[in-house]
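Colleague: Before I ask anything, here is the structure I am working with.
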Amino acid sequence: MTTKVRYSYLAEQFADPAPFLDAVKAVVQRGDFTLGEAVARFEQRFAALIGSRHAIGVNSGTDAIKLALKAAGIGPGDEVITAANTFIATIGAIAEFGAVPVLVDCEADRYVMDVAAVEAAITPRTRAIVPVQLTGDMVDMAALMDIAGHHGLAVVEDSCQAIHAAQGGRPAGTWGVAGTFSLHPLKNLNVWGDGGVIVTDDDAVAARLRLLRNHGLAHRDEVALLGYNSRLDTIQAAIGLLMVDDVPASVDGRIANAARYDEALADIPQIRLPRRRADTRQNYHLYMVFAERRDTLVKHLNAHGISAKIHYPVPLYRQPGLAHLGYAAGHFPNSDAQADSVLSLPIDHYLTPAMQQAAIEAIRRFYEAA
Ligand SMILES: Cc1ncc(COP(=O)(O)O)c(C=O)c1O
Numbered sequence: 144m145t146t147k148v149r150y151s152y153l154a155e156q157f158a159d160p161a162p163f164l165d166a167v168k169a170v171v172q173r174g175d176f177t178l179g180e181a182v183a184r185f186e187q188r189f190a191a192l193i194g195s196r197h198a199i200g201v202n203s204g205t206d207a208i209k210l211a212l213k214a215a216g217i218g219p220g221d222e223v224i225t226a227a228n229t230f231i232a233t234i235g236a237i238a239e240f241g242a243v244p245v246l247v248d249c250e251a252d253r254y255v256m257d258v259a260a261v262e263a264a265i266t267p268r269t270r271a272i273v274p275v276q277l278t279g280d281m282v283d284m285a286a287l288m289d290i291a292g293h294h295g296l297a298v299v300e301d302s303c304q305a306i307h308a309a310q311g312g313r314p315a316g317t318w319g320v321a322g323t324f325s326l327h328p329l330k331n332l333n334v335w336g337d338g339g340v341i342v343t344d345d346d347a348v349a350a351r352l353r354l355l356r357n358h359g360l361a362h363r364d365e366v367a368l369l370g371y372n373s374r375l376d377t378i379q380a381a382i383g384l385l386m387v388d389d390v391p392a393s394v395d396g397r398i399a400n401a402a403r404y405d406e407a408l409a410d411i412p413q414i415r416l417p418r419r420r421a422d423t424r425q426n427y428h429l430y431m432v433f434a435e436r437r438d439t440l441v442k443h444l445n446a447h448g449i450s451a452k453i454h455y456p457v458p459l460y461r462q463p464g465l466a467h468l469g470y471a472a473g474h475f476p477n478s479d480a481q482a483d484s485v486l487s488l489p490i491d492h493y494l495t496p497a498m499q500q501a502a503i504e505a506i507r508r509f510y511e512a513a
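Residues in the sequence shown are numbered from 144 upward in steps of one, following the working numbering.
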């Protein structure tokens, strides 16, 4: 009998929805749907998990980036450097208030942005850097912070994929003026819809963010500044509260699965593992490798009941909707090469040893048959 290997684990995670439905019912009974008590409790637990002074719940990871940049004073015409191979949300968030996204390539042997390329992209108009902790791995943050400090640039971390990752013992999200997280259903800490969190140690930035997410209202009858409606829903906070304390254990499960994949796949010459930094705890939001004949491999795996995905097949700078940024094919050779070879395998902590073994064996058989 062949073992089926699914990618999404939501069915297992919420197989028993009763405790979650009870939490939703409690919100309904309290009626505090906006900025209710669960939001404040969730923010406290989230801040404790990350080790930051403040956590501010907002309505998505995208808005978290947007509002963090706004709170850092970034505005129209300011150049903001970020990764050419990120998810579109990072670039959309930068552009939304009129700032100009400036893209840089990733490292040759990891997906995260190349800090040397960041330095080369700085101009007199550069105001901020948004390092993206893609897959839950981390940019060389000490080097990046040196560059930012030297040039007087704000750093807003896009740690949307990197909850509970760390480098040199310092958590993702805590390096710059603010760190941003997504609670999207496919993230490591996932709610039942959209949600996001901004963390910061800066009291003034935190106060500004609390205003920005709620129309700039200091209280019901006073508008302190022009803001937005970007509150984390109380219902989503109540769902998140039931899972926020489980994040370290679930990340440990992913790390153990990643170690097993790494060991088994290292024997397959057509698979190249990304460089693992000894100083970095990845959260393995995604488990990605570089695979020869990737597209045929993905078809083979899917045909044999093994779900594998590609994050992402076309780098953003070559997307039609971003043509106005002025980049041409070949601008970012590492991002291009990786777009042709990256493969993501299921890595979550619900993955059984049998499922993992089935995925590994299917990859091995594909290359042996070639
Ligand atoms: C790297 C990255 N940045 C930003 C986001 C945006 O998060 P959200 O979907 O919560 O808006 C995501 C996830 O979707 C992401 O993966």
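Just so you know, even glycine gets a beta-carbon here, dropped at the ideal spot from N, CA and C.
1. Return the first residue and the last residue of the beta strand (DSSP E) that LEU326 is part of.
2. At a cut-off of 7 angstroms, is SER325 close to ligand 1 when judged by its beta-carbon and the heavy atoms of the ligand?
3. Please specify which runs of the beta strand (DSSP E), each continuous and at least 3 residues long, are wholly inside the segment 269 to 354, giving them in chain order.
4. Hey, quick one: how far does the beta strand (DSSP E) through PHE433 stretch, first residue to last?
5. Hey, how far is the Cα of ILE490 from the Cα of PRO391?
6. Evaluate the contact criterion for the segment 245 to 261 versus the segment 468 to 488: three or more CB pairs, one atom per stretch, below 8 angstroms.
7. Is it buried or exposed for SER151, if we count other Cβ within 10 angstroms and need 16 for buried?
8. When every heavy atom of ligand 1 is checked, does at least one fall within less than 7 angstroms of the C-beta of GLY200?
9. Please report the distance separating the alpha-carbon of ALA434 from that of ILE414.
10. Buried or exposed for PHE509, please, with buried defined as at least 16 other CB atoms from any protein chain shown within 10 angstroms of its CB.
11. Using 8 angstroms as the cut-off, can you tell me whether the segment 332 to 346 makes contact with the segment 196 to 205, which would need three or more C-beta pairs spanning the two stretches below that distance?
12. How far does the beta strand (DSSP E) with ILE199 in it extend, from its first residue to its last?
13. Tell me, please, which residues DSSP counts as bridged to LEU246.
14. Would you mind reading off the limits of the beta strand (DSSP E) that contains SER487?
15. Rounded to whole angstroms, what's the CA-CA distance from ASN357 to SER373? Just pull it up for me.
16. When the Cα atoms are used, what is the spatial distance from MET386 to ALA407?
17. Spell out the partners DSSP gives ASN372 in its beta bridges.
18. Where DSSP assigns a beta bridge to HIS362, which residues make up the other side?
19. Would you give the residue range spanned by the alpha helix (DSSP H) that VAL390 belongs to?
20. Give me the DSSP bridge partner(s) of ILE414.
21. Rounding to the nearest angstrom, what Cα-Cα distance links GLU300 and ALA513 in this structure?
22. Hey, THR205 and ALA236: beta-carbon distance below 8 angstroms or not?
23. Run the proximity test for GLN127: is its beta-carbon closer than 7 angstroms to any non-hydrogen atom belonging to ligand 1?
24. Can you give me the C-alpha to C-alpha distance between ALA497 and VAL394, rounded to a whole angstrom?
Modeller: Based on what the coordinates show:
1. That residue, LEU326, is in no beta strand (DSSP E); it is neither H nor E in DSSP.
2. The beta carbon of SER325 sits closer than 7 angstroms to at least one heavy atom of ligand 1.
3. Here the runs fully enclosed are 269 to 273, 297 to 301, 321 to 325, 339 to 343.
4. First-last of the beta strand (DSSP E) with PHE433: 430 to 434.
5. Taken atom to atom, the span from the alpha-carbon of ILE490 to that of PRO391 is near 15 angstroms.
6. Because the criterion of three Cβ pairs below 8 angstroms is met, the segment 245 to 261 and the segment 468 to 488 touch.
7. Classification of SER151: exposed, given that the 10 Å Cβ count is below 16.
8. Residue side-chain check: GLY200 keeps its Cβ at 7 angstroms or more from all non-hydrogen atoms of ligand 1.
9. When the Cα atoms are used, ALA434 and ILE414 turn out to be separated by approximately 5 angstroms.
10. With 16 or more other Cβ atoms within 10 Å, it is buried.
11. The segment 332 to 346 is in contact with the segment 196 to 205.
12. Following the DSSP letters along the chain, one finds ILE199 inside the beta strand (DSSP E) bounded by residues 197 to 201.
13. The bridge partners DSSP lists for LEU246 are THR225.
14. Unbroken beta strand (DSSP E) run through SER487: 485 to 488.
15. Taking the straight line joining both Cα atoms gives about 6 angstroms.
16. Taking the straight line from one Cα to the other gives about 31 angstroms.
17. The bridge partners DSSP lists for ASN372 are ASN357.
18. Answer is GLU365, bridged to HIS362.
19. From DSSP, the alpha helix (DSSP H) with VAL390 extends over 390 to 408.
20. ILE414 is bridged to ALA434.
21. For GLU300 and ALA513, the distance between alpha carbons rounds to 42 angstroms.
22. With contacts defined as CB atoms closer than 8 angstroms, THR205 and ALA236 qualify as a contacting pair.
23. With the chain running from 144 to 513 in the structure shown, residue 127 is simply not present.
24. Distance from the CA of ALA497 to the CA of VAL394, rounded to the nearest whole angstrom, comes to 20 angstroms.
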